[in-house]
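J.: Numbering (the working numbering) for the sequence shown: 8 to 204.
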Amino acid sequence: TRPGDAQPRLSFFWSLPRTQFEQWERDGMARWLDEIAALWPDAHQRLQGVSECAQLARAGYRDAVMTRWHRGRLVLAGDSAHAMSPQLGQGVNMALMDALALRDALRAHAATDAALQAYQAQRSAHVAIYQFWSRWLTPLFQSERDRLAQARDVLFKPMGALPGGRGHMLRVLSGTQHGWWGKLGLSPGFVEAMAAR
Ligand SMILES: Cc1cc2nc3c(=O)[nH]c(=O)nc-3n(C[C@H](O)[C@H](O)[C@H](O)COP(=O)(O)OP(=O)(O)OC[C@H]3O[C@@H](n4cnc5c(N)ncnc54)[C@H](O)[C@@H]3O)c2cc1C
């Protein structure tokens, strides 16, 4: 639900290789809805009001790895600096953290160039591990490579049981992994507020 609106809402994502999009449109909604009904009847129920392709928003994505995030007074933040596949669900957090880091860097450095360099250094050190995992995990979750998906199903659970494995996975999924071995410090106030909930 949204603030001031009791209507429950949900997000629904359907992944396609870009090259299959036009074919999906040509095939029409009835065929697609049948496919969903076979895969997951409950999801099909939720799509009752969807009868036109145009009711779904199309979003494409790709990896953007920028070596330079600023030039003069122009600065990149969020997806413009480090777009990646939404596999890890961290794009919004990363964009918000960029904004905070940019604010802090501009307050700490009088010279714009020094501020923007400090901003890039801080944020690129954090997002690097997310770019790495997003790049290498996406084919395991979203591709036609079924052998890789089978290996994923077999290996992921034991990997999470290895010393340090579960902690690393949880930190990556919560946005708090820093480099290979580091953790991002959370403010005590935030941790207390979470514990209270
Ligand atoms: C299918 C999908 C699922 C995702 N799931 C998640 C998730 O579960 N969790 C998560 O954290 N992230 C998720 N993401 C990623 C997340 O949406 C992005 O990382 C995040 O929105 C980036 O924020 P941003 O402000 O950098 O860019 P955007 O949100 O893309 O904002 C850029 C804005 O600029 C506007 N714009 C573009 N060009 C111009 C112009 N010339 N003039 C004026 N305005 C312009 C655009 O309309 C847009 O509103 C997902 C992304 C996709 C595609």
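Using N, Cα and C, we set each Cβ at its ideal position, and we do this for glycine too.
Give me every residue whose Cβ sits closer than 7 Å to any heavy atom of ligand 1, in chain order.
T.: That query returns the following residues: F20, A66, Y68, A84, G85, D86, S87, A90, P93, G96, Q97, G98, V99, N100, M101, A102.
J.: Taking the Cβ atom as the reference point for each residue, do R75 and A108 lie within a distance shorter than 9 Å?
T.: Result no, Cβ atoms of R75 and A108 do not sit closer than 9 Å.
J.: Specify whether the stretch 137-146 and the stretch 85-92 touch according to this definition: at least 3 beta carbon pairs, one from each stretch, less than 8 Å apart.
T.: Touching, yes.
J.: By alpha-carbon positions, which one of W21, H51, A84 ends up nearest to N100?
T.: When each option's Cα is compared against that of N100, the closest is A84.
J.: Closer than 7 Å by C-beta to R69: which residues in its own chain qualify, once you throw out the five before and the five after it? Chain order, please.
T.: Closer than 7 Å at Cβ, skipping near neighbours: A90.
J.: Mark A13 as exposed unless 16 or more other C-beta atoms lie within 10 angstroms of its C-beta, in which case mark it buried.
T.: So A13 ends up on the exposed side.
J.: Rounded to a whole number of angstroms, what is the C-alpha to C-alpha distance between M36 and V57?
T.: About 8 Å.
J.: Considering only DSSP beta bridges, list what R189 is partnered with.
T.: According to the sequence as given, residue 189 is Gly; it is not Arg. Its beta-bridge partners are H185.
J.: Rounded to whole angstroms, what is the Cα-Cα separation between L144 and G67?
T.: Taking the straight line joining both Cα atoms gives about 17 Å.
J.: To which residues of the same chain is L205 closer than 7 Å at the C-beta, ignoring the five residues directly before and after it?
T.: This structure cannot settle anything about residue 205, because the visible part of the chain is limited to 8 through 204.
J.: Within a Cβ cutoff of 7 Å, which residues of the same chain sit near F148, ignoring the five residues on either side of it in sequence?
T.: Excluding sequence neighbours, F148 sits near Q94.
J.: Bridge partners of H77, per DSSP?
T.: In the DSSP output, where bridge partners are listed per residue, H77 has V82.
J.: For M166, count neighbouring C-beta atoms within 10 Å of its own C-beta (all shown protein chains included) and say buried if the count is 16 or more, exposed if not.
T.: M166 is exposed by the Cβ-count criterion.
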